[in-house]
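Numbering (the numbering used here), first residue to last: 4 to 582. Glycine included, C-beta positions come from ideal geometry on N, C-alpha and C. Every value quoted in this text rests on a predicted model; they were computed, and no experiment measured them.
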């Protein structure tokens with residue numbers, strides 16, 4: 004997460020289980036805005052996602068004598084009272100409602116307690132609305148420094164730095180050595196350009212309360228925020244000198260060791276802190292980041308899950324939990340964690356980036372694309388979103404998006420990512436390989452489409468030619484109107500060898516119309532001799548002229564018989580037949 008390293012914001016929100024037991028029982032939730040309480044910073048990996056890394060924001064979950072410890076939700080019995088060398092700013096005695104340095108909550112039967120409880124529940128839903136509720140709780144009794152501190156933390160979380168500063172200063176009026184109020188106010192002054200004033204604030208507290216743990220703790224937190232590891236360690240040790248059970252100082256020591264690479268020592272320190280406050284979500288978050296650095300991903304996942312479960316509103320816990328789930332192959336659960344993160348940090352680009360990665364893992368490609376685009380809208384410098392967009396376009400089809408267009412988008416996004424100059428040599432080589440392979444794929448697809456288009460064009464042209472020929476063929480073979488077509492002659496059939504051909508069937512007798520009446524004086528016709536077909540010519544007689552209905556003489560008369568050569572000849576007598 005893009006954590007503000009100077010944001011030392013710790014909100015103490017007492018839970019009902021803690022409030023039910025009066026006295027020094029730790030019972031507050033330290034809320035963070037990237038600050039007090041161990042928000043793990045993050046660095047982008049090759050995929051553009053972020054992974055938890057050693058916290059460097061100088062935050063701590065609590066002052067041991069202040070309402071910054073989380074409820075001991077994992078323990079059935081309340082922890083032992085936390086010793087403190089601090090004295091109340093009110094002259095050392097408890098107030099009438101039972102508040103002092105070791106008992107930051109009033110008795111459970113007081114109106115202040117009930118009002119504080121209401122404000123706590125309100126702050127979980129809407130920090131801005133809870134500011135007034137905490138102020139009302141503080142005014143119901145004297146010396147309620149924790150309520151004033153919570154009012155400041157809620158105001159800062161709601162984006163009201165002026166109100167936050169006023170409420171932090173009110174908490175310090177009640178208790179001048181209150182470490183969390185000193186730390187948050189110093190960080191707020193630094194963020195608003197008043198760094199010298201912040202330095203003066205802490206120096207004055209150290210001078211006024213040299214043997215109190217609070218000012219030393221605030222100094223340690225500020226040094227850690229500035230990555231002054233040596234100064235942070237020295238101030239944390241000073242705080243533990245005056246309060247050896249100071250959980251916040253233990254947390255600072257753990258972070259210093261983590262940043263120095265002394266992972267076993269860091270784990271030892273955080274485990275000691277968790278022994279005192281097992282329900283502190285921020286400590287579990289810290290422990291998870293240490294385990295992750297030790298390559299113990301399974302136990303880190305458990306630690307992040309506990310942090311997210313104890314504090315669902317802790318954005319850093321949801322982020323770390325979601326990343327760990329995604330890394331272990333649980334994309335559905337990771338998506339839920341990142342949805343919670345987006346709800347908590349709607350203007351955070353990296354939250355949208357993480358959500359996009361989970362959506363892509365769940366094959367929700369259009370939604371993943373939208374999340375990546377949203378990440379770039381919120382943070383144009385978030386180049387990891389461009390990398391992931393490129394990979395998305397290479398690997399996955401999108402509804403309504405042409406493949407060539409999608410692949411070209413991939414090349415464009417990856418080139419932009421590469422040309423920003425924010426990638427190392429190995430990653431640049433990898434990106435170049437992606438670009439080269441995708442460009443070759445684009446060229447291949449274009450050639451395939453060209454071949455396909457040519458094939459379709461050829462088929463269309465061929466079909467058009469065949470249709471034109473089919474349209475012309477009937478016009479060439481059909482007779483002209485009013486002209487009767489002549490049937491083609493039957494093909495001549497040659498008999499097979501050794502087989503005598505059957506005689507052709509006798510033609511139907513020709514019907515000759517009766518001749519016109521002979522003129523007077525003409526000799527009568529002589530009938531043909533018996534045995535000679537009527538159509539056969541008489542011996543030595545002139546051939547008779549056939550009669551044509553058209554009255555025209557044909558040109559195909561046989562000169563020997565005088566018959567029309569186109570007409571079939573009468574059959575010849577069979578051998579041996581009598582004439």
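Annotation for residue 365: no alpha helix (DSSP H) segment contains it, and DSSP assigns it neither H nor E. By the neighbour-count criterion, in which a residue is buried when 16 or more other Cβ atoms sit within 10 angstroms of its Cβ, residue 457 is exposed. The Cβ atoms of residue 257 and residue 308 lie no closer than 9 Å to each other.
Classified as exposed, residue 298 has fewer than 16 neighbouring CB atoms from the shown chains inside 10 Å of its CB.
With fewer than 16 other Cβ atoms inside 10 Å of its own Cβ, residue 213 counts as exposed. Judged by DSSP secondary structure, residue 215 falls outside any alpha helix (DSSP H); it is assigned neither H nor E.
391 is the residue among 391, 401 and 407 whose C-alpha sits nearest the C-alpha of residue 417. Pairing residue 323 with residue 292 gives a Cβ-Cβ distance under 9 Å.
For the pair of segments examined, the stretch 182-196 was found to touch the stretch 213-231: the number of CB pairs separated by less than 8 Å reaches three. About 7 Å separates the beta carbon of residue 286 from that of residue 254, a gap short enough to meet the 8 Å contact definition. Where residue 334 is concerned, the enclosing alpha helix (DSSP H) starts and stops at 334-347. DSSP places residue 151 in the uninterrupted alpha helix (DSSP H) bounded by 148-160. Residue state for residue 445 is assigned as helix, using DSSP reduced to three classes. With contacts defined as CB atoms closer than 9 Å, residue 272 and residue 320 fail to qualify as a contacting pair. From the listed residues 250, 232 and 281, the smallest Cα separation to residue 264 is found for 232. By alpha-carbon distance to residue 336, the top candidate from 316, 304 and 147 is 304.
If you look at residue 171, you'll find it in the alpha helix (DSSP H) that goes 164-177.
Closest option to residue 415, judged by alpha-carbon separation, among 428, 397, 404 and 429: 397.
Under the Cβ criterion (8 Å, minimum of three pairs), the stretch 124-133 counts as touching the stretch 159-168. Of the candidates 381, 135 and 143, 143 places its Cα closest to the Cα of residue 112. Between residue 364 and residue 375, the C-beta spacing is not below 9 Å. In the three-state scheme derived from DSSP, where H, G and I count as helix and E and B as strand, residue 292 is classed as helix. About 14 Å separates the CB atoms of residue 333 and residue 357; that is not less than 8 Å, and the two are not in contact. Using a 10 angstroms sphere on the CB of residue 343, the tally of other CB atoms reaches 16 or more, which defines it as buried. Under the DSSP assignment, residue 191 falls in the alpha helix (DSSP H) whose first and last residues are 182-194.
Nearest to residue 215 by alpha-carbon distance, out of 201, 99 and 245, is 245. In this structure, the beta-carbon distance from residue 135 to residue 181 does not fall below 9 Å. In the structure shown, the three-state DSSP call for residue 102 is coil. By the beta-carbon neighbour count (other beta carbons within 10 angstroms, threshold 16), residue 377 is buried. The shortest C-alpha to C-alpha distance from residue 328 to any of 300, 464, 373 and 314 is the one to 300.
In this model, residue 312 and residue 184 are separated by some 27 Å (Cα to Cα). Boundaries of the alpha helix (DSSP H) around residue 261: 250-262. Secondary structure of residue 234 (DSSP, three-state): helix. Per DSSP, reduced to three states, the secondary structure at residue 376 is helical. When secondary structure is reduced to three states using DSSP, residue 121 falls in the helix class.
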